[in-house]
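The letter at position 50 of the sequence shown is residue 49 when you use numbering that gives the first Met the number 0, and the numbering goes up by one with no holes.
Backbone N, C-alpha and C define an ideal beta-carbon position, used for all residues, glycine too.
Taking it in order: structure first as structure tokens, then the write-up.
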Amino acid sequence: MKTINLNTMHNKIFRYRSLAILAIVFSVFIACNSSDKKDEESHDTHMESDVHEDHESESALALNNGAKWKADASTNQNVEALKSILAANSPASLEEYHATGKELQTGINKMISECRMQGADHDALHLWLEPLMGMNKKLQAAGSVEEGAESLAMIQEQVNLYSQYFE
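This is the structure:
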């Protein structure tokens with residue numbers, strides 16, 4: 000007859016419990032990190048979205064059944080900051096156009112990082128923001144003062160559209 004050593008059995012049970020607890024803790028950790036990553040990715044898509052040069056999404060922006068979309072306070076403040084950047088800059092050289100584009104991009108990045116909007120209001124914001132990002136990308140890549148002036152005029156127009164669609 001085989002004798003059972005209780006210490007050996009206890010050690011095996013302890014190891015299995017430890018492994019099970021470790022596996023559960025690891026699973027919870029992975030699950031929490033992946034949901035945080037999804038939140039980050041949803042806001043990062045502002046930055047990584049393909050911007051359509053033909054401005055199709057511009058025409059898709061419409062009022063919410065006749066009412067303005069609801070933006071959060073942070074987004075409204077950041078749009079005002081973009082308006083201030085535009086008002087404070089009157090570029091005359093290509094370098095100044097590029098510098099204005101860089102300053103606008105800093106403001107856009109701040110707006111994106113502070114955005115907490117969700118749902119249909121957030122989707123509508125994308126319809127306004129994505130064309131703006133494409134226009135600013137063109138401004139920063141402008142090869143002449145004329146291209147810079149054209150891009151900046153389009154940006155000014157797009158920024159001014161915000162108050163027609165959002166409150």
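Which residue or residues does DSSP assign as beta-bridge partners of residue i?
i     : result
Ala66 : Asn63
How far does the alpha helix (DSSP H) with residue i in it reach, from first residue to last?
i      : result
Asn88  : No alpha helix (DSSP H) holds Asn88; DSSP gives it neither H nor E.
Gln104 : Leu93 to Glu113
Gly147 : Val144 to Tyr164
Look up residue i in the DSSP assignment and say whether it is helix, strand or coil.
i      : result
Asp43  : Any reading at Asp43 must be qualified, since the residue scores a pLDDT of 47, below 50, and its modelled position is unreliable; no value is offered.
Met116 : coil
Ala230 : Nothing about residue 230 can be read from this structure; the chain reaches only from 0 to 166.
Asp71  : coil
My understanding is that residue i touches residue j, with C-beta atoms under 8 angstroms, so please give their C-beta distance in whole angstroms.
i      : j      : result
Leu131 : Gln157 : 5 angstroms
Gly106 : Leu138 : Not confirmed; about 13 angstroms, so no contact.
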